[in-house]
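Undergrad:
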Amino acid sequence: MDYATVDRLQVKRLAVVTQPFPQGQQYIGDLWSLIARQWLNQNRDYIVKANTSLPERPTDPTFKEQCVEGIEGVLWLDPAVKRVGDGAEVAVRAQLIRCRDGEEVWAAEAGGSWDSEDKKYVERKQQYATELGQEVEPYVVPSYKLLVATLDTLPSPELNDADKEEKIDLGE
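Quick note, in this note's numbering, the sequence shown goes up one by one and the last residue is 404.
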């Protein structure tokens, strides 16, 4: 299969799954899935319809449970997170799995270490803390920087007019 001829037109509607919870903490998993969903909906031509985080390593590499009606692909984030000083070391293994046949469409690995404080991210940090709880604060900036850099390497799907209307209706 070739992304340019097949997946670009067929893998547009995604579910994001962060699994397992980083450090066994659901709130960090929820943060990662929400960042990925919002960033992709705002900055790329994907239509991300669902986001979740799950405690255990996936037992089904095809993510059939997430491939419900209306979902064409699953973006799996496999995180590693560790608080270090005034920030966090974060790493991710990311895969885009095609629901139709459970095949990998795209994969990337990345990691880095960032401070938890960054003047550019004050509002964003407050937004996530309000939505998910204050305990996410130290993880917002490092997680966001890593995920944006990683997700920016995803190939872009092509939306038709109906897809564009659906994306507008998401309103994220």
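Heads up, the beta-carbon is just placed ideally off N, CA and C, and yes, glycines get one too.
Given a cut-off of 9 Å, decide if Val380 and Leu263 are closer than it, judged by their beta-carbon atoms.
TA: Within the sequence shown, the letter at position 31 stands for residue 263. Within the sequence shown, the letter at position 148 stands for residue 380. Against a cut-off of 9 Å, the Cβ pair of Val380 and Leu263 comes out as no contact.
Undergrad: Whose C-beta lies closer than 7 Å to the C-beta of Thr382 among residues of the same chain, with five residues either side of it excluded?
TA: In the sequence shown, the residue the question calls residue 382 occupies position 150. Closer than 7 Å at Cβ, skipping near neighbours: Val324, Ala326, Ala340, Ala342.
Undergrad: Find the nearest neighbour of Ala282 within the set Ile303, Phe295, Glu288, judged by alpha-carbon distance.
TA: Taking the sequence shown and counting its residues from 1, one reaches residue 282 at position 50. Ranking the options by Cα distance to Ala282, first place goes to Ile303.
Undergrad: Hey, which unbroken runs of the beta strand (DSSP E) at 3 residues or more fall wholly within the segment 310-334?
TA: 319-330, all fully within the segment 310-334.
Undergrad: If I follow the unbroken alpha helix (DSSP H) through Ala381, where does it start and stop?
TA: Looking up residue 381 in the sequence shown gives position 149. Element bounds for Ala381: 369-383.
Undergrad: How long is the line joining the alpha carbons of Phe222 and Glu301, rounded to whole angstroms?
TA: Because the chain in this structure spans residues 233 to 404, residue 222 falls outside the shown range and cannot be described.
Undergrad: On the criterion of 16 or more Cβ atoms from any shown chain inside 10 Å, does Thr362 qualify as buried, or is it exposed?
TA: Residue mapping note: residue 362 aligns to position 130 of the sequence shown, counting from 1. That one is exposed.
Undergrad: Residues in its own chain within less than 7 Å of Leu294 by CB, not counting five upstream and five downstream?
TA: Position 62 of the sequence shown, counted from the first residue, corresponds to residue 294. What sits at residue 294 in the sequence shown is Thr, not Leu. For Thr294, where only same-chain residues beyond five positions count, the Cβ hits under 7 Å are Ile329, Gly334.
Undergrad: Could you check if Gly302 belongs to the surroundings of the ligand NAP, using beta carbon to heavy atom distance under 8 Å?
TA: By its list of ligands, the structure shown contains no ligand whatsoever, and the ligand NAP lies outside what it can speak to.
Undergrad: Output needed for Arg269: all residues of its chain with C-beta closer than 6 Å, excluding positions within five of it in sequence on either side, in chain order.
TA: Taking the sequence shown and counting its residues from 1, the one referred to as residue 269 is at position 37. These residues qualify, in order along the chain: Val248, Val280, Asn283.
Undergrad: Quick check on Val354: buried or exposed, where buried means 16 or more other Cβ atoms within 10 Å of its Cβ?
TA: Here residue 354 is taken as the residue at index 122 of the sequence shown, counted from 1. Exposed, because fewer than 16 other Cβ atoms sit within 10 Å of the Cβ of Val354.
Undergrad: DSSP beta-bridge partners for Arg245?
TA: The count along the sequence shown starts at 1 and reaches residue 245 at position 13. Answer by DSSP bridge pairing, in chain order: Ile279.
Undergrad: Going by the DSSP bridge assignment, what does Asp239 pair with across the sheet?
TA: The residue given as residue 239 occupies position 7 in the sequence shown. DSSP, once it has assigned bridges, lists no residue as partnering Asp239.
Undergrad: For Asp347, which of helix, strand or coil comes out of DSSP?
TA: Start at 1 with the first residue of the sequence shown, and residue 347 comes out as number 115. Strand, per DSSP.
Undergrad: I need the DSSP call for Val337, collapsed to helix, strand or coil.
TA: Sequence index remark: in the sequence shown, residue 337 carries index 105 (1-based). The answer is strand: DSSP assigns Val337 an E or B state.
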